[in-house]
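Everything in the sequence shown is counted per our numbering, starting at 1 for the first residue and increasing by one.
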Amino acid sequence: MKSITVFAPATVANVACGFDIFGFAVENPGDELTVHLSDQPGVRILDIIGDEGRLPREAARNTAGIAIQTYLKHIGREDVGADLLLTKKMPLGSGLGSSAASAVAGVFAINELLGRPLQRKDLLPFAMEGERIACGSAHADNVAPSLLGGFVVVRSYSPLDVITIETPGKLFATIVHPEIEVNTKDARFILKNEVTLKNTITQMGNVAGLIAGLMKPDYDLIGRSLVDVLIEPIRSILIPQFNEVKQAALDNGALGCSISGSGPSLFALSGDQTTAETVGKAMQTAFAGAGIDSEAYVSGINQQGPKIIG
Numbered sequence: 001m002k003s004i005t006v007f008a009p010a011t012v013a014n015v016a017c018g019f020d021i022f023g024f025a026v027e028n029p030g031d032e033l034t035v036h037l038s039d040q041p042g043v044r045i046l047d048i049i050g051d052e053g054r055l056p057r058e059a060a061r062n063t064a065g066i067a068i069q070t071y072l073k074h075i076g077r078e079d080v081g082a083d084l085l086l087t088k089k090m091p092l093g094s095g096l097g098s099s100a101a102s103a104v105a106g107v108f109a110i111n112e113l114l115g116r117p118l119q120r121k122d123l124l125p126f127a128m129e130g131e132r133i134a135c136g137s138a139h140a141d142n143v144a145p146s147l148l149g150g151f152v153v154v155r156s157y158s159p160l161d162v163i164t165i166e167t168p169g170k171l172f173a174t175i176v177h178p179e180i181e182v183n184t185k186d187a188r189f190i191l192k193n194e195v196t197l198k199n200t201i202t203q204m205g206n207v208a209g210l211i212a213g214l215m216k217p218d219y220d221l222i223g224r225s226l227v228d229v230l231i232e233p234i235r236s237i238l239i240p241q242f243n244e245v246k247q248a249a250l251d252n253g254a255l256g257c258s259i260s261g262s263g264p265s266l267f268a269l270s271g272d273q274t275t276a277e278t279v280g281k282a283m284q285t286a287f288a289g290a291g292i293d294s295e296a297y298v299s300g301i302n303q304q305g306p307k308i309i310g
């Protein structure tokens, strides 16, 4: 192949109690990336559609571009030329892993074009370099689920150890993105460096409970465990109408509701698709009560990750 178009999915990171260690992929939205092999060595970004001119066109400063550059250097193929056309199909600064999806699309596409010299799981460090460019930290809680699909646990960064957890087939996610923006760096800056032992113990119990609930499966346990006592109380102040939107989700049957990544998107988990759709409408109505427009997405947990679409 000389050209390929791939889709990489959006993700929900943290998943309430699992700050920087939990994440899962959704069916939509996501990013699309077309990569053409070129006789001229180097990575070039021909165009980016849907970003309103906000993203860097220089490959070394773009998440997809740097991910491909790092990959090519690792496999000793810096002689390869790659021209990129990126289509952003999700809002920037949404808390849905926008930068991660672009990086994942990049490394997945170039690995396919070169005949898969690396296994998919081995592409993760290169996608993480895209995150380093985007927000200053090579974290994996968005790129790992976008690349591997499903629900992932980042057990360790040194060494990198990522585990995929099986999820119930009837589990559905609702994501509502209000038309406001929260900068990831700002959302990290306001966090406290120290937490109490009491809250740490509570959070650890919820982390263990959520994993057990997913694996059993036990929807009631999942709901009881989707509680964040460390991060949500601080970050929620950056999201207007947060408490009202969360309560609307719970009142309409959601198992739990919290912030997606650093926000401002909120996610909810439900035990069936009909409930998930009802929850989405209720959350949007709650935002609208404060004059805030929003977009809603409902999907099962995406078990595939990136896929070839052209």
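Glycine included, each C-beta is placed from N, C-alpha and C at the ideal position.
Check whether the Cβ atoms of T87 and G50 sit closer than 7 Å, and answer yes or no. yes
Measure the C-alpha to C-alpha separation of R57 and P9 and round it to an integer number of angstroms. 22 Å
Does DSSP classify H73 as helix, strand or coil? According to the sequence provided, residue 73 is Lys. The question's His does not apply to it. Residue state, collapsed to three classes: helix.
To which residues of the same chain is L92 closer than 7 Å at the C-beta, ignoring the five residues directly before and after it? Apart from the 5 residues on each side of it in sequence, L92 sits with its Cβ closer than 7 Å to the Cβ of D51, R54 and S98 in its chain, given in chain order.
Minimum C-alpha distance to K192 - residue among S156, P217, R235 and E179: With distances taken between Cα atoms, K192 lies closest to R235.
Since T275 is in the alpha helix (DSSP H), which residue starts that stretch and which ends it? Q273 to A288
Runs of 4 residues minimum, wholly inside the stretch 153-219: which ones carry the alpha helix (DSSP H) assignment? 184-189 and 197-215
Could you give the DSSP three-state label for K88: helix, strand or coil? strand
Ordered along the chain, which non-local residues of its own chain (more than five positions away) have a Cβ less than 6 Å from that of P145? In chain order, T11, G23, F24, A25 and V152 place their CB closer than 6 Å to the CB of P145, counting only its own chain and leaving out the 5 sequence neighbours on each side.
Using only the alpha-carbon positions, how far apart do S270 and T63 sit? 32 Å
Helix or strand or just coil, what does DSSP make of I21? coil
Three or more C-beta pairs closer than 8 Å, one from the stretch 167-182 and one from the stretch 60-77: is that the case here? no
Under the assumption that A286 contacts A248 (Cβ atoms under 8 Å), give the Cβ distance between them as a whole number of angstroms. 4 Å
Going by the beta-carbon positions, is the gap between L147 and T164 smaller than 7 Å? no
Which residue marks the beginning of the beta strand (DSSP E) containing L148, and which one marks its end? Careful: L148 lies outside any beta strand (DSSP E), inside the alpha helix (DSSP H) at V143 to L148.
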